[in-house]
Every structure is written in C-alpha cells, then in structure tokens.
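Numbered according to this note's numbering, the sequence shown terminates at residue 767, and the numbering increases by one at each position without gaps.
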Amino acid sequence: GLAQARHRDPGVADTVAILTPHLERLFGLLREFKESRTFRGMTERLTELLDHWFAADPAAVVVRTEVRALERLDLSGEPADAAAFEWLLDRRLRTTGRGITTDREGIVAGDIVSLRGLDVDYLFVPGMTERSFPGPIVQDSILLDAERRRLADAVTWLPLKRSGVDEEKLFFELMWETAPDRTLSWSRLDPTKGRPSIASSFLLEAAARQLGHSVGFRELEDSGTRIPLDHLTEAREAGRRHPELLVPPAGASGHLIEDALDSREFDQMMVMAALGAGRPERVAFLRDDPAFDRCLEAARDRWRVSFTSRDGVLADPAALSILARRWGADHVWSASELESCATCPMRFFLERGLGLCEDPNPEDAEQLTHQDRGKLLHEMLQEFLAGNGALLMAARGVGDADRLAARKTLATELSTIVDRRLTQFSDGGLIGHPLLWKVESDRLRLDLAEWLDFELARTDPLVPHRFELRFGRPPRPGRIEDAGSGRVEGLGGYIDRVDLSADGRVARIVDYKSGRMPDSSDDPLDGGRALQLAAYRLGLAARPGAPARIDAEYLFLSGGTTPRLLSDEAARDSGKRFADIIRILADTIRSGFLPAWPNGDGIGRCHCAYPSVCGVNREDLFERKRADPRFAALAALDGEPMGEVDE
C-alpha cells in the first residue's frame with residue numbers, strides 16, 4: 121500500500137518516510153507478541169508498545185494495568201495463545217472501560233459515553249466551560265492533520281484531530297437525550313488562575329433549547345441560578361435576610377454557622393453574617409484575637425493608595441541591613457539580575473532574595489526544559505566555533521562551489537558534535553518522553569543547520585575570537601559612573617561570544633537566545649528588561665586594547681536564526697539612559713522598595729509566578745497605588761524623564 125501511494129503521489133514520499141520507521145517498530149512488536157510462548161512475554165511486548173507511543177495518554181494507565189494483570193496466567197499452566205490473550209484483555213477492558221461508579225442512593229457518576237444506554241431520571245453535568253467542553257484541539261505529535269489528509273487520500277482513511285469538535289457535538293446530543301431532567305453548570309471563576317471562566321458554547325445551545333430562542337452570554341447569566349462560591353458568601357447572604365438574628369439559619373446549600381469545622385471558620389462565618397446584617401458591632405469580640413487583628417491590618421494596608429510593607433516595601437532595619445550586605449555599594453551587578461528587578465521588583469525579591477522558585481510545570485517532566493535546551497545549544501556552538509572558526513571565516517570569502525564544499529565539511533563536523541552532545545545528555549536520563557525527545561532533538565539539529573547557513577551568509581570580516589568571556593570581576597569591572605557624585609556601579613557577567621576583526625579595531629558581541637525573537641520594541645533597552653548587550657559592551661570596552669567599535673546582537677535560534685542588533689552608534693546614543701536605568705534599579709533594590717509590578721495596564725510586563733503572594737486582585741491593588749511618588753523612578757523605566765547621570 122505504501123509503495124502504491126508513492127507511485128500515485130510522489131509528494132507523499134516525505135510523509136511516508138517519517139511514518140515508516142514507527143510502523144516498522146510497531147509491527148515488529150506486534151509480531152513478537154504473537155510469537156511469544158508465554159503470557160509474560162506477551163505482556164512485555166504490549167507494555168513496551170504502550171510506553172513508547174501512548175505514555176502521554178491518561179487512558180494508557182488503565183490499559184497498562186489490565187495488560188500486566190494477565191501475565192499471571194502463566195501460573196495456570198495453560199499454553200500461551202495470542203487469540204486467548206486478546207479475548208481476555210478485551211473482556212477486562214470492556215469491564216473497566218465504562219468508568220462509572222454507583223453509590224447506595226442510585227447516583228451514578230461517569231462520562232457521557234459510559235452512561236449511554238442507561239435509564240437515567242436526572243442528569244447533572246458540571247464543568248461546561250470553554251476549553252473543557254468542548255476541549256482544545258491538540259494535534260497528534262507524529263502526524264499532523266495535513267499529513268493525515270494526504271495519507272488518507274493515498275492509502276487509507278485516518279481521523280482528523282480537528283474533527284474532535286464533531287465528536288463533542290455528538291456527546292452533547294447524547295447528554296441531552298440521556299435524561300428528561302438535567303442541570304448544566306459552569307464555574308464563573310478559574311480556581312487555578314483567579315480569572316473569570318467563559319461558559320461553553322454548548323451551554324448557550326442548551327439554554328436556547330430550553331427557552332425557545334437564541335441566548336447570549338448576558339442572558340445566560342440572568343437566566344441561570346447563581347450558586348455562591350463558598351460558605352462565607354452564603355453566611356453573608358443569610359445575615360442579610362435575617363438581620364435580627366445573631367446566628368442566622370442555613371441558606372440554600374445548608375451551611376449552618378454552628379457547623380463550622382473549627383473556631384477560625386466559625387469566626388469567619390460570624391463576621392460575614394454580621395456584615396450581611398449591617399451590624400459589625402456583633403463581632404467586636406474578635407478584636408481580642410491578635411491573629412484576627414493582624415489580618416485586618418494587613419487587608420487595610422493592601423488597600424491603601426500608597427505602597428506599604430504588605431506590598432514589598434522593606435522598612436525593618438534588620439531587613440535593610442541584609443540588603444546592604446547582599447547588594448551594597450561594592451556589589452557587581454549582572455545584567456540578568458537587574459533585568460529581573462526591572463520586570464518585577466517583587467519577583468526579584470522572592471527569587472533572588474528569599475530563594476523561592478516558580479512551581480514546576482508538570483509538562484516539563486515530559487520534554488526538554490528551556491534551561492536544558494539553552495545549555496545544550498551554548499555548549500554545541502562553543503565547541504564547534506572553537507575548532508572550526510577559521511574554516512568558517514575562510515568559507516565566507518570563496519566562490520559558490522568552494523563554499524558548498526566547505527559547508528558540507530562544516531555541516532558534517534557540526535552534526536558530529538551535536539550527535540555526541542545529545543547522546544551524552546540522553547545518557548543522563550533527563551530527556552523526558554522518548555518521542556518528545558526525538559522531536560526536540562530534530563528541532564535542535566534543524567535550528568543549528570539554519571544557524572550555520574546564517575553564519576556563512578555574513579559578509580563582514582569578523583572572526584569568532586573569544587567564548588564565555590568573563591568580565592566585571594576585579595581587576596577589570598565594567599563600570600557605570602555618576603560624574604557629579606563619583607558614585608560607581610560595577611557590572612559583570614559572561615559574554616557568549618566575541619567576534620574580532622584582523623586588526624582588533626572592530627568587534628561584535630553575540631548573545632545566544634534559544635527561543636524565538638519577541639515582538640520588537642522602540643526602546644533598545646526595553647525599559648530595563650534588555651540590558652545584557654549594553655552591559656557586555658561596557659565590559660569589553662573596559663579591557664586593555666579594547667576595540668574602537670563594538671556592535672552587539674542577540675541571536676535568536678529557534679525556528680530560524682534571527683538577529684536583533686544594538687549598533688555601536690545606538691549603544692552610545694542610549695548610554696546615558698542605560699546609566700540612569702542601572703542607577704534606578706540599584707537604588708530600588710538597596711532601598712527595599714520592591715513592589716509587585718503586574719500588567720494592570722494591559723501591557724504584559726510580568727507573568728506572575730506567585731499569585732498566592734501577590735493576590736488574585738494584584739492588578740487592582742497596583743492601579744490604586746501606582747501614583748505613589750516612590751514609584752515614579754520605576755515608572756521612568758518606561759520612558760518618562762529621569763535625572764542626569766553620565767556614563
């Protein structure tokens with residue numbers, strides 16, 4: 121069939137070539153399964169198949185458990201038979217695959233497909249929000265819909281992932297016909313992000329069927345029954361309905377104040393009931409609790425129109441003393457350190473001051489992390505250029521035929537280095553899911569091949585000269601100096617790569633970035649969030665015999681090599697502003713003024729990694745406080761006038 125497909129449509133050959141190794145391994149495992157002489161051998165072949173192709177599928181856990189259970193059949197003494205194994209496995213999966221549970225009251229829980237065919241009087245369907253029902257369309261990691269469509273035309277029909285919407289429509293119809301009475305619900309708040317949820321389009325369709333006309337989101341809100349998000353809200357409503365009672369009766373969901381789990385919850389419900397009744401004096405006794413008093417004080421401070429100690433303003437002498445020791449006048453700043461503060465001072469304090477880190481993303485366990493990808497790219501490029509920089513330079517100045525031969529030699533050397541580095545890394549066991557590792561390895565190879573073409577296409581005579589060049593530590597720090605006060609700020613770090621002309625008068629700094637180039641900004645320093653190139657220029661300029669001209673560039677390597685240049689002229693023009701930014705950020709850190717800086721104005725300044733610290737209403741709190749005069753210096757990072765400081 122595949123051979124015929126290649127003959128009918130030569131364009132399908134690439135797709136078939138990608139698919140063939142996977143099919144060969146799949147059919148090989150299935151052949152070994154049928155040829156196994158023991159049930160244990162059969163389970164091992166199927167388990168290997170599941171672990172290789174379906175490990176990311178939650179349903180694979182159930183299937184794997186049932187497969188492993190059949191290896192005990194060898195104890196029966198019966199000869200292993202593939203047909204018997206398949207029949208038994210099918211029976212077990214049919215029994216467990218319904219995924220329903222039933223309690224003594226006759227309440228059945230399960231998904232829509234599992235409930236098909238059951239006689240149900242009442243149906244409750246939770247979670248009808250967008251990206252849940254219907255769920256997002258996720259492409260197959262091996263065969264995208266485009267390849268599936270081409271294979272379907274040439275070989276056999278394959279389902280398209282985008283047709284999942286049609287399946288959701290079928291599930292909706294099954295749900296609608298399952299029971300005469302039904303309740304559909306959705307959460308108005310995403311508990312993981314603290315943001316409003318959007319009702320599913322299927323919920324609008326259900327409301328339209330119920331009311332007999334088209335329904336919009338506003339009418340949906342008005343026509344449904346709003347259930348309080350928690351018992352505290354209900355306690356407040358109960359107090360509003362019964363203001364004459366100290367302890368109001370239970371509300372719609374049956375929560376009684378007397379049923380509080382502990383004394384703290386009782387106090388909270390009493391406060392809410394008193395507020396609902398408009399009688400706050402009823403809970404004056406709570407002021408005797410020191411913890412309650414501190415909570416009230418914290419809430420008041422967070423709502424003030426100026427930044428307080430609850431917002432990241434450190435005023436305690438002991439805390440300021442620690443800041444002075446850690447980031448004092450003799451501290452040598454790294455560019456990434458200052459960029460972190462410019463992005464969000466609170467995040468800088470939490471991570472670099474307190475040592476906190478963002479909760480790990482579970483998906484990172486299945487694939488190469490951004491940090492590991494960047495480290496691999498840096499190591500590969502440094503090793504390649506250290507041994508082949510002269511050949512790369514020579515290949516730029518030859519004719520097309522000689523350049524093609526030189527490129528082939530360079531590509532072979534680069535491929536050898538990449539293969540060895542990838543093998544060493546995979547031996548460390550940090551590759552995640554094998555299939556995703558293969559995809560990521562292929563991406564790395566492609567990105568580096570495109571990088572090589574980019575380097576060969578350069579027309580300047582600069583040659584890679586130094587790698588991981590250290591600067592900023594004694595005796596030659598990069599320095600920002602205030603001519604008026606004599607104040608000096610030291611800068612330090614490591615420069616990924618320095619290219620140099622033959623006479624040493626022209627240099628280019630290259631800083632590799634493993635991701636894609638972000639949206640461009642008119643400000644080359646991006647309000648303090650892009651300081652590396654300017655800092656590296658200062659570090660290189662501070663060395664004896666420094667080049668007269670120093671250009672610098674970020675080189676983004678993902679999805680095609682793309683440079684972002686900071687020319688020598690642009691760097692000199694922005695030199696005073698660069699010095700201003702360094703001074704502002706250093707003063708901010710040493711003064712202990714480290715508030716959260718969210719994207720309340722719609723401009724994405726900081727992805728909040730610590731919502732439990734900053735609060736779900738952090739944007740509202742920030743907007744109330746941003747007029748605080750102490751914030752003016754940080755606001756100047758985005759272009760407002762600043763004081764005069766000379767480089």
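All C-beta atoms, glycine included, are put in the ideal place defined by N, C-alpha and C. Remember, it's a predicted structure, so these values are computed and weren't measured experimentally.
Q.
Quick check on P279: buried or exposed, where buried means 16 or more other Cβ atoms within 10 Å of its Cβ?
A. Exposed: under 16 other Cβ atoms inside 10 Å.
Q) Name the DSSP beta bridge partners of F587, please? A) When beta bridges are read from the DSSP output, F587 appears opposite R617.
Q | Sheet register partners of V626 (DSSP bridge) | A | Secondary-structure assignment with DSSP links V626 through a beta bridge to R669.
Q. Could you give the C-beta distance for L406 and D387, rounded to a whole number, given that I count them as a contact under 8 Å?
A. So it is a contact: roughly 6 Å between Cβ atoms.
Q. Bridge partners of W173, per DSSP?
A. Answer is none; W173 lacks a bridge partner.
Q) Can you tell me where the beta strand (DSSP E) with Y772 in it begins and where it stops? A) This structure gives no information on residue 772, because the portion of the chain shown stretches from 121 to 767.
Q. What first and last residue would you give for the alpha helix (DSSP H) that runs through T682?
A. Note, T682: premise wrong, no alpha helix (DSSP H); beta strand (DSSP E) at T682 to L686.
Q: Return the bridge partner residues of F713 from the DSSP annotation.
A: Paired residue(s): V433.
(Q) On the criterion of 16 or more Cβ atoms from any shown chain inside 10 Å, does H727 qualify as buried, or is it exposed? (A) Exposed.
Q. What is the rounded straight-line gap between the Cα of L566 and the Cα of V559?
A. Straight-line Cα distance between these residues: approximately 11 Å.
Q | Secondary structure of Y656, DSSP reduced to three states | A | Secondary structure of Y656 (DSSP, three-state): helix.
Q. Are the beta-carbon atoms belonging to L458 and G648 less than 8 Å from one another?
A. Yes, the pair counts as a contact, with Cβ atoms nearer than the cut-off.
Q. Out of curiosity, what's the CA-to-CA distance linking A755 and G494?
A. Roughly 32 Å separates the two Cα atoms.
Q | Beta-carbon proximity check, D639 vs S426, cutoff 8 Å | A | Taking 8 Å as the cut-off, the beta carbon of D639 is found no closer than this to the beta carbon of S426.
Q) Would T303 be called buried (16 or more neighbouring beta carbons within 10 Å of its own) or exposed? A) Classification of T303: exposed, given that the 10 Å Cβ count is below 16.
Q: With a floor of 4 residues, list each alpha helix (DSSP H) that falls wholly inside the stretch 378 to 424, ordered by position along the chain.
A: Complete alpha helix (DSSP H) runs here, min 4: 383 to 397 and 410 to 422.
**Q.** Inter-residue Cα distance where the pair is F244 and H490
**A.** A direct Cα-Cα distance of roughly 42 Å separates F244 from H490.
Q: Taking all protein chains shown into account, decide if A137 is buried (16 or more other Cβ within 10 angstroms of its Cβ) or exposed.
A: That one is exposed.
Q: Can you tell me which of the three DSSP states E694 falls into?
A: It should be noted that the sequence gives Ser, not Glu, for residue 694. Coil at S694, not helix or strand.
Q: For my contact list, A299 and V228 are in at a C-beta cut-off of 8 Å; report their separation, rounded to the angstrom.
A: Not really, about 11 Å apart at Cβ, beyond 8 Å.
(Q) Need the endpoints of the beta strand (DSSP E) that D522 sits in, please. (A) That residue, D522, is in no beta strand (DSSP E); its alpha helix (DSSP H) goes D520 to D547.
Q.
Rounded to the nearest angstrom, what separates R467 and Q652 at their Cα positions?
A. Using only the alpha carbons, I get a separation of about 19 Å.
Q) Does the Cβ of Q330 have 16 or more other Cβ atoms within 10 Å, making it buried, or fewer, making it exposed? A) It counts as exposed.
Q: Inspect the beta-carbon positions of G247 and W296 and report whether they are closer than 8 Å.
A: No, the pair does not count as a contact, with Cβ atoms beyond the cut-off.
Q: With distances taken Cα to Cα, identify the nearest neighbour of S711 among T185, V518, K633 and A439.
A: When only C-alpha atoms are compared, the closest one is A439.
Q: Assign V608 to one of three DSSP states: helix, strand, or coil.
A: Three-state DSSP puts V608 in a strand.
Q.
My assumption, with CB atoms under 8 Å, is that L534 sits in contact with F504. Please give the rounded CB distance.
A. Going by Cβ atoms, the distance from L534 to F504 rounds to 5 Å, so yes, they are a contact pair.
Q) Taking the alpha-carbon positions, what's the M513 to S561 distance? A) It is roughly 27 Å from the alpha-carbon of M513 to the alpha-carbon of S561.
Q) Can you give the Cα-Cα distance for R360 and V452, rounded to whole angstroms? A) Near 60 Å, if we compare the C-alpha coordinates of V452 and R360.
**Q.** Three-state secondary structure assigned by DSSP to S454
**A.** Strand at S454.
Q. How would you write the range of the alpha helix (DSSP H) that D479 sits in, first residue to last?
A. Careful: D479 lies outside any alpha helix (DSSP H) and carries neither H nor E.
Q) Since G432 contacts P715 with CB under 8 Å, what's their CB separation in whole angstroms? A) Their Cβ separation, rounded to whole angstroms, is 4 Å, which keeps G432 and P715 in contact under 8 Å.
Q) Can you give the beta carbon distance from R617 to P644, rounded, assuming they're within the 8 Å contact cut? A) With a Cβ gap of about 20 Å, R617 and P644 do not count as contacting.
Q) The alpha helix (DSSP H) with R361 in it runs from where to where? A) It spans H351 to R361 - the alpha helix (DSSP H) in which R361 sits, taken as one unbroken run.
Q: Rounded to whole angstroms, what's the CA-CA distance from D210 to S252? Just pull it up for me.
A: C-alpha separation (whole angstroms): 29 Å.
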